[in-house]
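Structure first, then comments.
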Amino acid sequence: MKRTFSMRAMTCGFVLALLLPSAAASAYTLGFAPSAQSVALNNPATVEVHIAGILPNPPASDDGLGAYDFEVVYDPAVIAFKQASDAFSLGFAIGLGVDDSQAGRLKVSDFSLELPDDLLALQSDAMLLFTLVFDSLAPGASALLFENITLGDVLAGRRTAIATAGSITVRDAPMPEPGTLALLACAGLIALGGRGRYRRGAPSERHGEATT
Numbered sequence: 004m005k006r007t008f009s010m011r012a013m014t015c016g017f018v019l020a021l022l023l024p025s026a027a028a029s030a031y032t033l034g035f036a037p038s039a040q041s042v043a044l045n046n047p048a049t050v051e052v053h054i055a056g057i058l059p060n061p062p063a064s065d066d067g068l069g070a071y072d073f074e075v076v077y078d079p080a081v082i083a084f085k086q087a088s089d090a091f092s093l094g095f096a097i098g099l100g101v102d103d104s105q106a107g108r109l110k111v112s113d114f115s116l117e118l119p120d121d122l123l124a125l126q127s128d129a130m131l132l133f134t135l136v137f138d139s140l141a142p143g144a145s146a147l148l149f150e151n152i153t154l155g156d157v158l159a160g161r162r163t164a165i166a167t168a169g170s171i172t173v174r175d176a177p178m179p180e181p182g183t184l185a186l187l188a189c190a191g192l193i194a195l196g197g198r199g200r201y202r203r204g205a206p207s208e209r210h211g212e213a214t215t
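Numbers given in our numbering equal positions in the sequence shown, counted from 1, plus 3.
Printed below as a string of structure tokens:
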């Protein structure tokens, strides 16, 4: 499944390119939840993308999250992107833009249209940005990485980011236990044996009825 990069995502990227470095030195933290997970082959894997450390510190400073633009990188031989769900953490915004045209790389972005004070009032120090769902393709382990990160505060000041990697491990589909297979085989043999006895007995019963 492929999506072309939407106009809203391109608009967000253009605005983010104009961001000026912020005077504040505090870094925001991006991470996955769960940071590591294991799923059986052919089952989906769901992972959340969170950001933390965004509330004003001290309160009079201009922090918060007004925009983001970054890539989530994964192994396309192990998992495949299926869908993304926006958590609407930027309030009234352009909306989550997702570009999955390049295998193994998701470009995601959003830009808030809220007034700075209103946006700060909506946000908490740690927030869910969006949720990703991947299909499992083959047994193996796929790292989840953040790359090409651009974050902006509520006044469009560019903020640095600390990114934490994650992973998704795909296991072989579980096979029935040997004991279960043996029981199923025995049940099948018993059923076949009973059916055979019924067929052998039926003619003699009909013959007995005819001769009485």
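Cβ coordinates follow ideal geometry from the N, Cα and C atoms, glycine included.
Given the structure is predicted, the values throughout are model-derived calculations rather than measurements.
Residues in its own chain within less than 6 Å of residue i by CB, not counting five upstream and five downstream?
i: M130; result: I54 and S92
i: F149; result: L33, F73 and A166
i: K110; result: E74 and D102
i: L154; result: Y31, Y71, R162 and A164
Starting from the C-beta of residue i, find all residues in its chain whose C-beta is less than 8 Å away, skip the five residues before and the five after it, and write them out in chain order.
i: R174; result: S41, V42, A43, L44 and P142
Checking 8 Å against the spacing of the C-beta atoms, do residue i and residue j come in under that value?
i: E51; j: F73; result: no
i: I165; j: A30; result: yes
i: E117; j: G94; result: yes
i: P119; j: L158; result: yes
i: D66; j: D156; result: yes
i: P47; j: V136; result: yes
i: I57; j: D138; result: no
i: L68; j: Q105; result: no
i: T134; j: A87; result: yes
Do you know how far the Cα of residue j is from the Cα of residue i?
i: Y71; j: L140; result: 29 Å
i: R6; j: G100; result: With a pLDDT of only 45 at R6, under the threshold of 50, the placement of this residue in the model should not be trusted; the figure read from the coordinates follows. Near 10 Å, if we compare the C-alpha coordinates of G100 and R6.
i: D103; j: S115; result: 22 Å
i: Y77; j: A176; result: 21 Å
i: T163; j: S112; result: 16 Å
With DSSP collapsed to three states, give me the class of residue i.
i: A43; result: strand
i: L118; result: coil
i: L140; result: coil
i: A80; result: coil
i: V123; result: According to the sequence displayed, residue 123 carries Leu and not Val. Helix, per DSSP.
i: I152; result: strand
i: T163; result: coil
i: L68; result: coil
Is residue i close to the ligand MG? I mean its beta-carbon at under 7 Å from any heavy atom of the ligand.
i: S29; result: Here there are no bound small molecules, and the ligand MG is not part of this structure.
Just to confirm my understanding: we take residue i, look at its own chain, exclude 5 residues before and 5 after, and list those with CB closer than 7 Å. What are they?
i: A39; result: G169 and S170
i: D128; result: A55, G56, I57 and L58
Mind checking which residues open and close the beta strand (DSSP E) that includes residue i?
i: A48; result: A48 to A55
i: I254; result: Since the first residue of the chain shown is 4 and the last is 215, residue 254 is not available in this structure.
i: Q105; result: G100 to Q105
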